[in-house]
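Undergrad:
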Amino acid sequence: MAKKLIKPVMSAEEAATHIKPGSSLMVGGFNYAGVPYTLIDALVAQGTDNLHLIANDTMYANEQHPEGIGHGKLVVNGQCRKVTASHIGLNKATQRLFNEGKLELELVPQGSFVERIRCGGFGLGGFLTPTGVGTIHEEGKQVLEVNGKKYILELPLKADVAIIRGYKADRWGNLTYFGTGRNFNPAMATAAKLVIAEVDAVLQQGDINPNDVVTPGMLVDILVLKGDGYYASRT
Amino acid sequence: MLPVLDEEVIRHRVAKRIALDFEDGAVVNLGIGIPTLVSDYLPEDVHVLLQTENGVVGAGPKPEVEDLRFIGAGGRCLSLLPGSCLVASDTSFGLIRGGHLDATVLGALEVDSHANLANWMIPGKMVPGMGGAMDLVTGAKAVYVATTHCDKKGRPKLVKECTLPLTGKGVVSVVVTEFCVMRKIDGRMVLCEIAPEVTQEELKADTTMDYDVSPDLAPMKGIE
Numbered sequence: 085m086a087k088k089l090i091k092p093v094m095s096a097e098e099a100a101t102h103i104k105p106g107s108s109l110m111v112g113g114f115n116y117a118g119v120p121y122t123l124i125d126a127l128v129a130q131g132t133d134n135l136h137l138i139a140n141d142t143m144y145a146n147e148q149h150p151e152g153i154g155h156g157k158l159v160v161n162g163q164c165r166k167v168t169a170s171h172i173g174l175n176k177a178t179q180r181l182f183n184e185g186k187l188e189l190e191l192v193p194q195g196s197f198v199e200r201i202r203c204g205g206f207g208l209g210g211f212l213t214p215t216g217v218g219t220i221h222e223e224g225k226q227v228l229e230v231n232g233k234k235y236i237l238e239l240p241l242k243a244d245v246a247i248i249r250g251y252k253a254d255r256w257g258n259l260t261y262f263g264t265g266r267n268f269n270p271a272m273a274t275a276a277k278l279v280i281a282e283v284d285a286v287l288q289q290g291d292i293n294p295n296d297v298v299t300p301g302m303l304v305d306i307l308v309l310k311g312d313g314y315y316a317s318r319t
Numbered sequence: 002m003l004p005v006l007d008e009e010v011i012r013h014r015v016a017k018r019i020a021l022d023f024e025d026g027a028v029v030n031l032g033i034g035i036p037t038l039v040s041d042y043l044p045e046d047v048h049v050l051l052q053t054e055n056g057v058v059g060a061g062p063k064p065e066v067e068d069l070r071f072i073g074a075g076g077r078c079l080s081l082l083p084g085s086c087l088v089a090s091d092t093s094f095g096l097i098r099g100g101h102l103d104a105t106v107l108g109a110l111e112v113d114s115h116a117n118l119a120n121w122m123i124p125g126k127m128v129p130g131m132g133g134a135m136d137l138v139t140g141a142k143a144v145y146v147a148t149t150h151c152d153k154k155g156r157p158k159l160v161k162e163c164t165l166p167l168t169g170k171g172v173v174s175v176v177v178t179e180f181c182v183m184r185k186i187d188g189r190m191v192l193c194e195i196a197p198e199v200t201q202e203e204l205k206a207d208t209t210m211d212y213d214v215s216p217d218l219a220p221m222k223g224i225e
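Heads up: the protein sequence lines correspond to chains C and H, in order. If you read the first sequence in the numbering used here, its first letter stands for residue 85, the second for the next number, and so on. If you read the second sequence in the numbering used here, its first letter stands for residue 2, the second for the next number, and so on.
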């Protein structure tokens, strides 16, 4: 079914009801920037579990913030069965749950992580990268030699839902980004069946210069305005 | 026995020495820890373009007013210099993997005789993830390792063979510690500079890495 041309603007709570238990879930962001904080808080409140979280990092959970920050909360709250990420070192819950055998963990070099998502979204069957050749990252993967050089075959990554963070949207779902908040968001917008974008503002169509659009609205399903939480309002 | 230097002296000495290697116009990615300090020591006439893997080319120092919408790869706020640009992660790693960076500077747990680097995990103890490190060491034209010569227990970090899981195989170009500069030349690690506090014999005693000594061995640059 075609996506709606005029995107519904929903509350974070209503949008979160579209994320079902057991879903694979891409979450945009690198460290503090470009994270859909308001949607995550709604998902935490909703308690949806058994998620496969696909995010660059699992943000923070430590002595100062035992409840976690951003999607780090989803891990602390026990809502994830699996995490695919490039870095989890700043979230003590991720390490602990993994060590206790309560969380499946797949670590991927950051460049391969984003490229796998790009492949997932762009109809490619995988890609060959020299990254990780000769390391334990090779284990369980095909290593191919092309023109005398070794490459790891990395496979595409897709998700049921992507929750991403944009700056401005128009009602057609066209998105711009701000600062270092762009990171993984445009790639994730291409690679999920359902794309929910949390944004600073929703404008009428035509109010974003087409030259400024990074993510075409045709990829986006639902728009949510960012809330006034501590990090949502500061990013 | 190698002398024990103050930790701050070590950090700044290593950072300063690496900064002296960069040419005007170089595009460089700086890792967390000692590597971050390298930007403080760039000579005034050398303009280096700092890249951060989360999407900045042309990063500047920490701003007076912090804004979480502009952060570096370590999560600290940064400023954007005039002429900088912002890119998404796929482009950022295209720049990294594609050989467009002149250098990357990273820390080490171990670096060995074959220019192998281990810096991302200690099995059973620390599994933070490799982040962008594996891509950086694979793609950058030069890989600089900034490290203390020995670990906190006094064991050499420049070892014969890495025992920890590798970040990259045969990727290291230059190793700088508080006591020496080692460069990979024709596939061999070569001692090129040595600090004034130590003799070659003392250095050798706390370095299990196999290395040659350059015929042009010089005093370590950047030490007043």
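Note that the Cβ used here is the ideal one computed from N, Cα and C, for glycine as well.
1. Going along chain H in order, which residues have a C-beta closer than 7 angstroms to the C-beta of LEU198 of chain C?
2. Buried or exposed: which applies to LEU102 of chain H, given that a residue is buried once 16 or more other Cβ atoms fall within 10 Å of its Cβ?
3. Anything in the region 107 to 122 of chain C with a Cβ closer than 8 angstroms to a Cβ of chain H? List those residues in chain order, please.
4. I need the straight-line Cα distance from PHE94 of chain H to MET2 of chain H, nearest angstrom please.
5. Within 10 Å of its beta-carbon, does ILE35 of chain H have 16 or more other beta-carbons around it, so buried, or fewer, so exposed?
6. Is the number of C-beta pairs between the region 198 to 218 of chain C and the region 268 to 286 of chain C that are closer than 8 angstroms three or more?
7. For a contact meaning CB atoms closer than 7 angstroms, what does GLY173 of chain C contact in chain H?
8. If we cut at 9 angstroms on Cβ distances, does LYS185 of chain H have a partner in chain C?
9. Would you please verify whether the beta carbon of ASN120 of chain H is less than 9 angstroms from any beta carbon of chain C?
10. For a contact meaning CB atoms closer than 8 angstroms, what does ILE220 of chain C contact in chain H?
11. Measure the CB-CB distance between LYS91 of chain C and ILE248 of chain C and report whether it falls below 9 angstroms.
12. Report yes or no: is there a C-beta of chain C within less than 9 angstroms of the C-beta of ASN55 of chain H?
13. Of the choices H:GLU67, H:PHE71, H:LEU167 and H:LYS126, whose alpha-carbon is the least far from that of GLY59 of chain H?
14. Of all the options C:GLU282, C:GLY173, C:SER317 and C:ALA96, which has the alpha carbon lying nearest to the alpha carbon of ALA126 of chain C?
15. Examine the Cβ distances between the region 257 to 269 of chain C and the region 79 to 98 of chain H and report whether three or more of them are shorter than 8 angstroms.
16. Relative to chain H, which residues along the region 267 to 288 of chain C have a C-beta separation below 9 angstroms, given in chain order?
17. Of the residues H:ASP7, H:PRO4, H:VAL5 and H:ILE11, which one's Cα is nearest the Cα of GLY223 of chain H?
18. Please state whether the Cβ-Cβ distance between ASN115 of chain C and GLY56 of chain H is less than 9 angstroms.
19. Can you give me the C-alpha to C-alpha distance between TYR251 of chain C and ALA169 of chain C, rounded to a whole angstrom?
20. Mind listing, in chain order, the continuous alpha helix (DSSP H) runs of no fewer than 4 residues lying wholly within the region 160 to 237 of chain C?
21. Please list, in chain order, the chain H residues whose beta carbon lies closer than 9 angstroms to that of GLN226 of chain C.
22. From the DSSP output, which residues share a beta bridge with SER108 of chain C?
23. At 8 angstroms on the CB atoms, spell out the chain H contacts of PHE262 of chain C, in chain order.
24. Kindly say whether LEU51 of chain H, judged by its beta-carbon, lies nearer than 9 angstroms to any beta-carbon of chain C.
25. Would a C-beta distance cut-off of 9 angstroms place GLY108 of chain H and THR148 of chain H closer than the cut-off?
26. Are there 16 or more other CB atoms within 10 angstroms of the CB of ASN120 of chain H, so buried, or fewer, so exposed?
27. Check GLY73 of chain H in the structure and name its three-state DSSP category.
28. Looking at VAL138 of chain H and THR168 of chain H, is the spacing between their C-beta atoms short of 9 angstroms?
29. Are GLY100 of chain H and GLY195 of chain C close, meaning C-beta to C-beta below 9 angstroms?
30. Please look up how many angstroms separate the CB atoms of VAL29 of chain H and VAL106 of chain H, rounded, as I've assumed it's under 8 angstroms.
31. Give every residue of the same chain whose Cβ lies closer than 8 angstroms to the Cβ of LEU21 of chain H, excluding the five residues on either side of it in the sequence, and list them in chain order.
32. Taking the beta carbon of TYR314 of chain C as the centre, do at least 16 other beta carbons fall within 10 Å, making it buried, or is it exposed?
33. Could you list the residues in the region 138 to 169 of chain H with a C-beta less than 9 angstroms from some C-beta on chain C, going in chain order?
34. Compute the Euclidean distance between the alpha carbons of THR215 of chain C and HIS171 of chain C, then round it to the nearest angstrom.
35. Check each residue of the region 144 to 162 of chain C: if its Cβ is closer than 8 angstroms to any Cβ of chain H, include it; give the result in chain order.
36. Could you pull the DSSP bridge partners for GLU194 of chain H from this structure?
TA: In this structure, then:
1. In the sequence under discussion, the amino acid at residue 198 of chain C is Val, which differs from the Leu named in the question. Correct list: SER90, ASP91 and PHE94.
2. buried
3. PHE114, ASN115, TYR116 and ALA117
4. 42 angstroms
5. buried
6. yes
7. PRO129 and GLY130
8. no
9. no
10. PRO166 and LEU167
11. no
12. yes
13. H:PHE71
14. C:ALA96
15. yes
16. ASN267, PHE268, ASN269, PRO270 and ALA271
17. H:ILE11
18. no
19. 24 angstroms
20. 176 to 183 and 194 to 205
21. Result: empty, since nearest Cβ-Cβ is about 17 angstroms, beyond 9 angstroms.
22. C:HIS136
23. ARG70
24. no
25. yes
26. buried
27. coil
28. yes
29. no
30. 7 angstroms
31. TYR42, PRO44, LYS222 and GLY223
32. exposed
33. VAL138, THR139, GLY140, PRO166, LEU167, THR168 and GLY169
34. 16 angstroms
35. none
36. H:VAL182 and H:ALA219
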